[in-house]
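A.B. asks: Residue numbers (this note's numbering): 297 to 398.
Don't be surprised by glycine CBs; every beta carbon is placed ideally from N, CA and C.
Bear in mind that the values here come from a model prediction, so they are computed numbers and not experimental data.
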Amino acid sequence: MAQTDIETAADPDHLTEVLPEAPGPWQRTDENGGIVEYRIAGGDGVCAAAKLLIRPDVLGEHAARIDRKQGCKNAGTDRFENLDALVETVNTELEHAPADGS
Numbered sequence: 297m298a299q300t301d302i303e304t305a306a307d308p309d310h311l312t313e314v315l316p317e318a319p320g321p322w323q324r325t326d327e328n329g330g331i332v333e334y335r336i337a338g339g340d341g342v343c344a345a346a347k348l349l350i351r352p353d354v355l356g357e358h359a360a361r362i363d364r365k366q367g368c369k370n371a372g373t374d375r376f377e378n379l380d381a382l383v384e385t386v387n388t389e390l391e392h393a394p395a396d397g398s
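1. What distance in whole Å lies between the Cβ atoms of Pro-352 and Leu-311, which are believed to be in contact at a cut-off of 8 Å?
2. So is Val-342 buried or exposed if we call it buried at 16+ other beta carbons inside 10 Å?
3. Determine whether the beta carbon atoms of Ala-306 and Ala-381 lie at a separation below 8 Å.
4. Quick check on DSSP: helix, strand or coil for Asp-353?
5. DSSP has Leu-348 in a bridge; who is on the other side?
6. Suppose you measure from the CA of Asp-340 to the CA of Ala-393; what does that come to, to the nearest Å?
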C-alpha cells in the first residue's frame, strides 16, 4: 500500500479555487477534500457521457491528478506536479470535448 504523502498534495481549498467554472454542456460539482468533478450527462441515466475527476494526489508524489471516464469506461489518469499544468490541461479537456461527450 502506498504511503500517504500529504506534503506534496495540493491544498484542497486552493485546488477547488483555481479550477475553472464548467463551460457549455459540462456540469461542475465540488466535493469536500478538494475533489472537483466535471461531467456531461449520459443518455442512459447511469453513466456520464464524459467525466473528469480532479483531486489532490494524497497517495502519490504529485500535487494533483485527473481521472477521465467516457461512458462507463476509464479513459486514463494523469498526475501533475504543479497546478498551472493541471489547470491548462483541464481547460483544454473542457474546451475540446464534444457536446455529447463522444
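C.D. replies: So, to answer that:
1. Contact check for Leu-311 and Pro-352: beta-carbon distance about 6 Å, within the 8 Å limit, so the pair qualifies.
2. Flag for Val-342 reads exposed.
3. Cβ distance not < 8 Å, so Ala-306 and Ala-381 don't count as in contact.
4. Reduced to three states, the DSSP call for Asp-353 is coil.
5. Per DSSP, Tyr-334 and Arg-364.
6. For Asp-340 and Ala-393, the distance between alpha carbons rounds to 19 Å.
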